[in-house]
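Residue numbers (our numbering), protein chains in the order written: chain A, 861 to 1077; chain B, 273 to 564; chain C, 638 to 1150.
Glycine included, C-beta positions come from ideal geometry on N, C-alpha and C.
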Amino acid sequence: MFVLSGASLTYGRRTALEQISLTIDEGEKVALIGPSGAGKSSLMTLLQAQHPGLIALCPQEHGLVNILSVYQNIYMGGLARHGNLYNLLNLIRPWPANRSEVARLADRLGIGERLWASVDRLSGGQRQRVALGRALYRQQPVFFGDEPVSSLDPEQADELLGYVLAQHSTAVVAIHHPQLALKHFSRVIALKDGRIAGDWPTDRLALADLTSVYQPA
Amino acid sequence: MKPLIKRIFALTLLTLTALTAFAEPARADTFTFTAIPDEDESRLNERFGKVADYLSEQLGVTVKYIPVKSYPAAISAFRNDQVQLAWFGGLSGVQARHLVPGSQAIAQGYEDQFFKTYIIANTSTDLEASDEFPQGIKGRTFTFGSKGSTSGRLMPEFYIREYLGAPDEVFERVGFSGDHSRTIAQVQSGAFEVGAVNYSVYDNEVAEGKTDPAKVKVLWSTPTYPDYQWTIRGDVDARYGAGFTEKVTAALLNMTDKDLLASFPRESFVPASNADYQPIQDTGEAIGLLEE
Amino acid sequence: MSLNPAIPPTAAEATGRRLARLSGAFVLLALAALWIADIHLYRPDPWQELGRIGLGLVTPYWPDIPELALAALQTVAFALLAVAISAVLGLGLAVYFHWRVIRVLAAAIRSVHEIFWGLLLMQVWGLSATTGLLAILIPFTGIFTRVFADILSQQSPQVTDSLGRAPRLSLYAYGRIAQAWPALISYTRYRFECALRSSAILGFIGLPTLGFHLDTAFRQGDYSEAAAVLWVFLIMIGTVRFWLVPGRFWLVRGRIPRWLTLAFWLGVSVWALPASPAVSGNMLWRFISEDIWPRALLNGDLNKALSWYADVFSTDVWPALWQTLAITQVALVLTGVLTLLYYPLASKTLSGRWSAAGRFHLLLLRSVPELMLAYVFMLLFGPSALPAILALALHNGGLIAFLLANLSEQDKRVTTPDQPTGLMRVLYADIPARFPAFLALLFYRWEVMLRESAMMGVLGIATLGFYVDSAFEEIRFDKAFFLILMAALLNIGVDSLSRRLSRRAGLTAPQMG
Chain A
861 MFVLSGASLT YGRRTALEQI SLTIDEGEKV ALIGPSGAGK SSLMTLLQAQ HPGLIALCPQ
921 EHGLVNILSV YQNIYMGGLA RHGNLYNLLN LIRPWPANRS EVARLADRLG IGERLWASVD
981 RLSGGQRQRV ALGRALYRQQ PVFFGDEPVS SLDPEQADEL LGYVLAQHST AVVAIHHPQL
1041 ALKHFSRVIA LKDGRIAGDW PTDRLALADL TSVYQPA
Chain B
273 MKPLIKRIFA LTLLTLTALT AFAEPARADT FTFTAIPDED ESRLNERFGK VADYLSEQLG
333 VTVKYIPVKS YPAAISAFRN DQVQLAWFGG LSGVQARHLV PGSQAIAQGY EDQFFKTYII
393 ANTSTDLEAS DEFPQGIKGR TFTFGSKGST SGRLMPEFYI REYLGAPDEV FERVGFSGDH
453 SRTIAQVQSG AFEVGAVNYS VYDNEVAEGK TDPAKVKVLW STPTYPDYQW TIRGDVDARY
513 GAGFTEKVTA ALLNMTDKDL LASFPRESFV PASNADYQPI QDTGEAIGLL EE
Chain C
638 MSLNPAIPPT AAEATGRRLA RLSGAFVLLA LAALWIADIH LYRPDPWQEL GRIGLGLVTP
698 YWPDIPELAL AALQTVAFAL LAVAISAVLG LGLAVYFHWR VIRVLAAAIR SVHEIFWGLL
758 LMQVWGLSAT TGLLAILIPF TGIFTRVFAD ILSQQSPQVT DSLGRAPRLS LYAYGRIAQA
818 WPALISYTRY RFECALRSSA ILGFIGLPTL GFHLDTAFRQ GDYSEAAAVL WVFLIMIGTV
878 RFWLVPGRFW LVRGRIPRWL TLAFWLGVSV WALPASPAVS GNMLWRFISE DIWPRALLNG
938 DLNKALSWYA DVFSTDVWPA LWQTLAITQV ALVLTGVLTL LYYPLASKTL SGRWSAAGRF
998 HLLLLRSVPE LMLAYVFMLL FGPSALPAIL ALALHNGGLI AFLLANLSEQ DKRVTTPDQP
1058 TGLMRVLYAD IPARFPAFLA LLFYRWEVML RESAMMGVLG IATLGFYVDS AFEEIRFDKA
1118 FFLILMAALL NIGVDSLSRR LSRRAGLTAP QMG
């Protein structure tokens, strides 16, 4: 589904990715690991460009609009399914159908009670759930997440990640916790200094193998 | 969040309301006139409102006054039929009647039969009053009144061209003060050394003590020419009934109330015709302000 | 030591030198322009007149209060409705600012001053609500489009990136407009103040706003009456935030929602507008198809028409164009000098409790219409470009200094203990930190000042406005239209030059208002 061969990416003089070759098939759930600055976000940007229309993205800084409510921030994920007029009217008065859909989703994510609060009133963890909610509401087959559960406590992170991955057939997620990577994904790709440092199916991997990737060189 | 939604909603709604509010129907039976007096433009609505009441009474139709700031505005209102009757200056009347075929001058002020322009100077200039055109104004700074004014622009420019040449060339600097009172103020302050002004405005300001004879004086007075007049559109008889033009003329000529006449300010109104203003037309063409 | 603590020394040196070179070039150009600009200092004897103006200012008087109140209300009505409509239109157009046709349209309609729009529209709609509203809302739509597009483009793209391929309007509404909402509102509020000034100035050409009475009283020399109108206007502008959408400063805080107050004012505005007589389409058509074209062109004589245009261009446009550019250039640099002198006085961090007086002063400077200032200076210095230059520089200097003072107060960095104090703080810490914003604002005002100096011509200074005004006075709409078109082209040229220069210098203007 995604194919890169010898791809590089530079920002000005700085090289973010160098000579990356990899293939990701439909149905694979890939965890990207590596120290910060290793090129995880850059790699996701490259991959994303191959099927922009199929991907639900959950960016690192969440990309939320502060003065809008939780409802509107989640609804945004579904903009493409409606026309301009429908969307504009929804800004003034939410449509009942979308209201119940979004409310159900928010309940599932544990933020149902804050549906009408503006997102600048939320805690970091709650904001992350809103961002996940938007990605889920995109209703796409592929999920791309950049540290999508970093602000949640371990049990919640575990539970929500499982839920989000179950809703998508394919996923590429940059993640910091080796445990989560092993538990929820079928394949782990480790990046270091813009190169692929390892690429393993998870069923043949142990926790100890992964922790070394995070060690400074 | 909620206030935001409501604010957007309220704004959109009211914008739409505002957009539709233009469609106010004009009352076709109202007879509208405008007038710019040559001095004291304050409280136009109040003063000319009384004139409107008088005309209303005499003509038997609703008469409304609308104030304007400049001759071009008066002319375009007249041309677009937003006013049917206007108190024009000599030049603006000629321009308006040219743009609206069929319109005619029906009355002028008593004083307008023999109107004059004064050339005035700041007393620091050592220029002397004389019966001859003051050649000494050459090389000075000079201000006209409004660009479209007969007494403040057309006639003085005509005589300047006659005796000296094109104003831009014979004066160090040429200004347009925009208004007779302002011409006097600017010559008095010395901002300009010499200026051209409507004689009646000047005489009145001196009489009222607004002008200081120690600072400004009259050098020369032009020969007389016809000036302000009432001009009416040619289609009013068809709209307000046969003989309407005569009725309006009669109402103006019979205006004897000193209070009403003071608004213009004129002693009385006397009959006038388009032909009376041929000299203005000729002068305008001579200096290139009017097309032939 | 480094001038700007946020930037490493080498970078600061380079940036500073580049900006200094740019400013130096502008100052040199202004010196050259001094030679072209028709500047002459006469020694009139203005003291009697100035004495009367001064006396008038302290003895304001108006005999007919309801008349004045109605004029004030109509000033608000034109401004508020025009801003409400043009902000919505501008926001809509800003979404499609990536289309060239929208960019050109916005540049074209904002390149013509409100007064010129008013003079043009008056030929068709007379002195009606339609003329006044359109004269403000047409150029304001152009301005809103550009500024809103700038604001929207500065928003984080993260949001729209995560939304997939939705229709552009939906993406913008949720992703960028909602994000930028506070900035949009704050700019709109600032624009309302500008609209009040425009609305008042339209009175000078005959609309029933405060300017109508101000102009009349000034012309008659009734300075007490002029002062009454001026004070009403200044108080109105100075207190906008207390009456337009109170809530923060009101006794009944929390009980009246802001949208309701706004709705109330919009309703009052619609009611207060003067009547608009119905205009037949014929008049509009006659104006567009006949009045604004030279007779030769209408007769189909192309050669004669071209030579007519060439004639007007060489006798009127060409000299006026240089005069307009020269006046703008000198005024721009003088604005810069005044700004740097003025803004520290209005900044609380720099001038302490004296800043309140400084602020009040700047508020006065930026609120008085430039035309009025220029008229007073004309009495003082005689007729030349000098009064226009001073009026433009003081007004714009007041405006930019106000914004810089705000920025200086928000910048906590310069108040840290390790910074120098007093004048040294101004020179070493504050002005260098403020300099990019300062230049960006000047670049932004360049185009505005050009539009204003063209308009100043109606006072008799030989800029483009002088010839436009003359053409209208002589009922030569063909000439007026051509001159306005030329003024617009000049403006568009300077606008694109200023954008290019500020982009090359890496400047982004801070929000106005």
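Handout entry: Three-way DSSP call (helix, strand, coil) for residue 528 (chain B) in this model
Key = For the purposes of this step, residue 528 (chain B) is taken as residue 256 along the second sequence, with counting starting at 1. If DSSP states are grouped into helix, strand and coil, residue 528 (chain B) belongs with coil.
Problem - For residue 917 (chain A), the nearest candidate out of C:767, C:798, C:669, C:723 (CA to CA) - result: Residue mapping note: residue 917 (chain A) aligns to position 57 of the first sequence, counting from 1. For residue 917 (chain A), the nearest C-alpha among the options comes from C:798.
Exercise for the section: State the start and end residues of the unbroken alpha helix (DSSP H) segment that holds residue 699 (chain C). Expected result: The count along the third sequence starts at 1 and reaches residue 699 (chain C) at position 62. First-last for residue 699 (chain C): undefined, no H or E at that position.
Exercise for the section: List the residues of chain A whose Cβ lies closer than 8 Å to the Cβ of residue 818 (chain C), in chain order. Expected result: Numbered from 1 along the third sequence, position 181 holds the residue referred to as residue 818 (chain C). In chain order: 927.
Exercise for the section: Could you name the residues of the same chain whose beta carbon sits closer than 8 Å to that of residue 792 (chain C), not counting the 5 residues immediately before and after it, in chain order? Expected result: Residue mapping note: residue 792 (chain C) aligns to position 155 of the third sequence, counting from 1. The answer, listed in chain order, is 812, 813, 816, 817.
Handout entry: Beta carbon of residue 379 (chain B) nearer than 8 Å to that of residue 501 (chain B)
Key = Taking the first residue of the second sequence as position 1, residue 379 (chain B) is located at position 107. Taking the first residue of the second sequence as position 1, residue 501 (chain B) is located at position 229. Closer than 8 Å, so yes.
Practice task
Please list, in chain order, all residues of the same chain as residue 1106 (chain C) whose beta carbon is under 6 Å from its beta carbon, the five residues on each side excluded.
Solution key: By one-based count along the third sequence, residue 1106 (chain C) stands at place 469. 1095.
Exercise for the section: Could you tell me whether any Cβ in chain C is nearer than 8 Å to the Cβ of residue 958 (chain A)? Expected result: Counting from one through the first sequence, the residue named residue 958 (chain A) turns up at place 98. Cβ-Cβ to chain C under 8 Å: no for residue 958 (chain A).
Problem - Extent of the continuous alpha helix (DSSP H) run through residue 941 (chain C) - result: Here residue 941 (chain C) refers to the residue found at position 304 of the third sequence. Start and end: 939-949.
Practice task
Look at residue 768 (chain C) and residue 727 (chain C) and say whether their C-beta atoms are less than 8 Å apart.
Solution key: Reading the third sequence from its first residue, position 131 is the one you call residue 768 (chain C). Reading the third sequence from its first residue, position 90 is the one you call residue 727 (chain C). Contact: no.
Exercise for the section: Rounded to whole angstroms, what's the CA-CA distance from residue 1046 (chain C) to residue 1056 (chain A)? Just pull it up for me. Expected result: Looking up residue 1046 (chain C) in the third sequence gives position 409. Looking up residue 1056 (chain A) in the first sequence gives position 196. Roughly 49 Å separates the two Cα atoms.
Practice task
Check each candidate in B:562, B:547, B:554 and name the one with the smallest Cα separation from residue 377 (chain B).
Solution key: By 1-based counting over the second sequence, the position of residue 377 (chain B) is 105. Comparing Cα-Cα distances from residue 377 (chain B) to each of B:562, B:547, B:554, the minimum goes to B:547.
Handout entry: Nearest-angstrom Cα separation, counted from residue 971 (chain A) out to residue 932 (chain A)
Key = The sequence position of residue 932 (chain A) within the first sequence is 72, counting from 1. The sequence position of residue 971 (chain A) within the first sequence is 111, counting from 1. Those two C-alpha atoms are separated by around 13 Å.
Exercise for the section: Within its chain, find whatever has a CB closer than 8 Å to the CB of residue 802 (chain C); leave out the 5 residues flanking it on each side and keep chain order. Expected result: Within the third sequence, residue 802 (chain C) is the residue found at index 165, counting from 1. For residue 802 (chain C), where only same-chain residues beyond five positions count, there are no Cβ hits under 8 Å.
Practice task
Sort B:325, B:304, B:357, B:340 by Cα distance to residue 503 (chain B) and report the nearest one.
Solution key: Here residue 503 (chain B) refers to the residue found at position 231 when the second sequence is read from its first residue. Selected option, being the one with the closest Cα: B:357.
Exercise for the section: Express the C-alpha separation of residue 351 (chain B) and residue 334 (chain B) in angstroms, rounding to a whole number. Expected result: Residue mapping note: residue 334 (chain B) aligns to position 62 of the second sequence, counting from 1. Residue mapping note: residue 351 (chain B) aligns to position 79 of the second sequence, counting from 1. Each residue's Cα considered, the two are about 21 Å apart.
Practice task
Determine, using beta carbons only, whether residue 1016 (chain A) comes closer than 8 Å to chain C.
Solution key: Counted from its first residue, the first sequence places residue 1016 (chain A) at position 156. Output row for residue 1016 (chain A): interface = no.
Exercise for the section: Please list, in chain order, all residues of the same chain as residue 984 (chain C) whose beta carbon is under 7 Å from its beta carbon, the five residues on each side excluded. Expected result: Position 347 of the third sequence, counting from 1, holds the residue named residue 984 (chain C). Same-chain partners within the cutoff: 992, 1042, 1045, 1046.
Practice task
Please list, in chain order, all residues of the same chain as residue 1004 (chain C) whose beta carbon is under 6 Å from its beta carbon, the five residues on each side excluded.
Solution key: Stepping through the third sequence from its first residue, residue 1004 (chain C) is reached at position 367. Cβ neighbours of residue 1004 (chain C) beyond the five flanking positions: 871, 874.
Practice task
Whole angstroms is fine: what's the gap from residue 854 (chain C)'s alpha carbon to residue 453 (chain B)'s?
Solution key: The count along the third sequence starts at 1 and reaches residue 854 (chain C) at position 217. The count along the second sequence starts at 1 and reaches residue 453 (chain B) at position 181. For residue 854 (chain C) and residue 453 (chain B), the distance between alpha carbons rounds to 11 Å.
Exercise for the section: Measuring only between beta-carbons, confirm whether residue 398 (chain B) sits less than 8 Å from chain C. Expected result: Position 126 of the second sequence, counted from the start, is the residue given in the question as residue 398 (chain B). Cβ-Cβ to chain C under 8 Å: no for residue 398 (chain B).
Practice task
Reducing DSSP to helix, strand and coil, say where residue 866 (chain A) ends up.
Solution key: Here residue 866 (chain A) refers to the residue found at position 6 when the first sequence is read from its first residue. Reduced to three states, the DSSP call for residue 866 (chain A) is strand.
Practice task
Pull up the DSSP beta-bridge partners for residue 497 (chain B), would you.
Solution key: Residue numbering aside, residue 497 (chain B) sits at position 225 when the second sequence is read from its first letter. Beta-bridge pairing links residue 497 (chain B) to B:387.
Practice task
Could you tell me whether the Cβ atoms of residue 1011 (chain C) and residue 675 (chain C) are closer together than 8 Å?
Solution key: Working through the third sequence from its first residue, we reach residue 1011 (chain C) at position 374. Working through the third sequence from its first residue, we reach residue 675 (chain C) at position 38. In this structure, residue 675 (chain C) does not lie closer than 8 Å to residue 1011 (chain C) by Cβ.
Handout entry: Which listed residue (C:1086, C:1020, C:1022) has its alpha carbon closest to that of residue 1036 (chain C)
Key = Position 399 of the third sequence, counted from the start, is the residue given in the question as residue 1036 (chain C). Checking every option, the nearest Cα to that of residue 1036 (chain C) belongs to C:1086.
Problem - Distance CB(residue 418 (chain B))-CB(residue 450 (chain B)) smaller than 8 Å - result: For this step, residue 418 (chain B) is matched to residue 146 along the second sequence. For this step, residue 450 (chain B) is matched to residue 178 along the second sequence. Yes, the pair counts as a contact, with Cβ atoms nearer than the cut-off.
Problem - Backbone CA spacing between residue 865 (chain A) and residue 667 (chain C) [nearest angstrom] - result: For this step, residue 865 (chain A) is matched to residue 5 along the first sequence. For this step, residue 667 (chain C) is matched to residue 30 along the third sequence. A direct Cα-Cα distance of roughly 58 Å separates residue 865 (chain A) from residue 667 (chain C).
Handout entry: Within chain B, the residues that residue 859 (chain C) reaches when beta carbons sit closer than 7 Å
Key = What you label residue 859 (chain C) is simply residue 222 of the third sequence in a count that begins at 1. The answer, in chain order, is 314.
Practice task
State the DSSP-derived secondary structure class of residue 406 (chain B), mapped to helix, strand or coil.
Solution key: As a first step, residue 406 (chain B) must be located in the second sequence, where it is residue number 134. It is coil, neither helix nor strand.
Handout entry: Straight-line gap, residue 756 (chain C) to residue 902 (chain A) (C-alpha atoms, nearest Å)
Key = Sequence index remark: in the third sequence, residue 756 (chain C) carries index 119 (1-based). Sequence index remark: in the first sequence, residue 902 (chain A) carries index 42 (1-based). Approximately 57 Å, taken between the alpha carbons.
Handout entry: residue 1105 (chain C): CB within 7 Å of a non-hydrogen atom of the ligand GDP
Key = As for the ligand GDP, it is missing from this structure, which has no ligand bound.
Problem - Cross-chain neighbours of residue 994 (chain A) in chain C, by beta carbon under 7 Å - result: Taking the first sequence and counting its residues from 1, one reaches residue 994 (chain A) at position 134. Ordered by position in chain C, the residues that pass the 7 Å Cβ test against residue 994 (chain A) are 799.
Exercise for the section: Compare the C-beta of residue 998 (chain A) against all C-beta atoms of chain C and say whether one is closer than 8 Å. Expected result: Working through the first sequence from its first residue, we reach residue 998 (chain A) at position 138. Judged by the 8 Å Cβ criterion, residue 998 (chain A) is in contact with chain C.
Problem - Closest Cα partner of residue 924 (chain C) within the set C:776, C:1115, C:827, C:1002 - result: Along the third sequence, read from residue 1 onward, the residue named residue 924 (chain C) stands at position 287. Nearest of C:776, C:1115, C:827, C:1002 to residue 924 (chain C), Cα basis: C:1115.
Exercise for the section: Output, in chain order, the set of chain B residues within a Cβ distance shorter than 7 Å of residue 1019 (chain C). Expected result: For the purposes of this step, residue 1019 (chain C) is taken as residue 382 along the third sequence, with counting starting at 1. Under the 7 Å cutoff, chain B gives 463.
Handout entry: Of the residues B:424, B:422, B:393, the one placed nearest residue 466 (chain B), counting alpha carbons only
Key = Your numbering for residue 466 (chain B) matches position 194 in the second sequence. Comparing Cα positions, the closest option is B:393.
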